[in-house]
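Here's the structure, in structure tokens; my notes come after.
Residue numbers (the working numbering): 3 to 255.
So, in structure tokens, the structure goes:
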């Protein structure tokens with residue numbers, strides 16, 4: 003059976019064509035639906051890796067395959083219907099909340115599922131939001147949650163999340179995490195989730211990709227990574243996190 007997603011020796015240079023490498027030789031494969039927490043210190047290229055997979059930034063080395071076909075064998079439109087990216091800083095499209103919710107349907111000429119949109123808006127804490135309100139007038143947290151629902155309405159096979167809960171309050175963050183884990187369970191959506199919140203990674207993730215020193219140093223089941231990371235770099239990373247985030251890693255202290 004073909005893997006859903008494959009990364010083959012991916013690399014990105016800081017200043018091509020002859021610059022140093024942000025990361026290189028990253029290879030990984032996802033055969034079954036999973037929630038992959040992408041961890042590592044700032045500056046390791048986690049967001050850039052997501053953008054390469056989302057066909058928003060070009061790699062300088064290697065390739066990405068979806069369902070056994072290289073990226074170049076897909077049209078950009080078909081690729082982005084299958085693999086969708088949600089940025090850390092949300093961008094609102096011109097118009098109202100409803101215009102933003104309808105964006106995927108309008109772009110891809112598909113029927114708008116108002117019932118599903120309403121259900122997800124309610125689940126993420128936006129049930130009372132006026133759909134006629136200009137999207138630019140929303141608060142930052144409202145924009146982030148609206149951007150998430152807008153992308154979910156594409157129903158992608160792979161969802162790329164770049165710290166999408168980092169600006170949310172505790173209640174909204176929990177609601178977003180629940181929505182995403184429910185989506186994974188009910189629809190088999192694979193989620194690649196860049197986060198600096200170890201509690202979030204432990205609560206939602208099934209696998210961990212750990213980036214350090216310009217490489218993918220660990221690709222482990224979530225429980226294994228947090229209980230007994232294989233590399234010294236990962237051990238040091240976990241020890242460096244705030245005490246509240248590593249309360250379950252007593253064996254590493």
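All residues carry an ideal CB built from backbone N, CA and C; glycine is no exception.
- Beta-bridge annotation (DSSP): residue 78 is not paired with any residue.
- In this structure, the CA atom of residue 182 is about 14 Å from the CA atom of residue 196.
- Closest by C-alpha distance to residue 204, out of 157, 159, 222 and 61, is 222.
- At the C-beta level, residue 179 and residue 153 stay beyond 7 Å of one another.
- A check of alpha carbon separations from residue 201 across 212, 185 and 176 identifies 176 as the nearest.
- Excluding sequence positions up to five before and after residue 18, its CB lies within less than 6 Å of the CB of 62, all in the same chain and listed in chain order.
- Contact check for residue 50 against residue 27 fails: the beta carbons are separated by 7 Å or more.
- The secondary-structure analysis by DSSP pairs residue 13 across a beta bridge with 63.
- Residue 237 and residue 231 have their C-alpha atoms roughly 6 Å apart.
- Contact between residue 68 and residue 7 holds: their C-beta atoms lie close to 6 Å from each other, under 8 Å.
- For the pair residue 9 and residue 16, the CB atoms are not nearer than the 7 Å cut-off.
- If you look at residue 54, you'll find it in the alpha helix (DSSP H) that goes 48-55.
- A distance below 6 Å between beta-carbons, with the five flanking residues on each side excluded, links residue 104 to the following residues of its chain, in chain order: 114.
- Between the alpha carbons of residue 171 and residue 125 lies a gap of roughly 15 Å.
- When DSSP reads this structure, residue 162 sits in a beta bridge with 87 and 194.
- Burial is judged here by how many other beta carbons sit within 10 angstroms of a residue's own beta carbon; residue 31 has fewer than 16 and is exposed.
- Straight through space, the alpha carbons of residue 38 and residue 189 are spaced by roughly 16 Å.
- The secondary-structure analysis by DSSP pairs residue 68 across a beta bridge with 7 and 71.
- Per the C-alpha coordinates, the member of 121, 45, 91 and 116 positioned closest to residue 163 is 91.
- Between the stretch 138-146 and the stretch 78-96 there are three or more C-beta pairs closer than 8 Å, enough to call the two in contact.
- According to the DSSP assignment, residue 234 belongs to the alpha helix (DSSP H) that extends over 234-242.
- Here DSSP, grouped into helix, strand and coil, assigns residue 114 to coil.
- Secondary structure of residue 222 (DSSP, three-state): strand.
- Around the C-beta of residue 75, fewer than 16 other C-beta atoms lie within 10 Å, and the residue is accordingly described as exposed.
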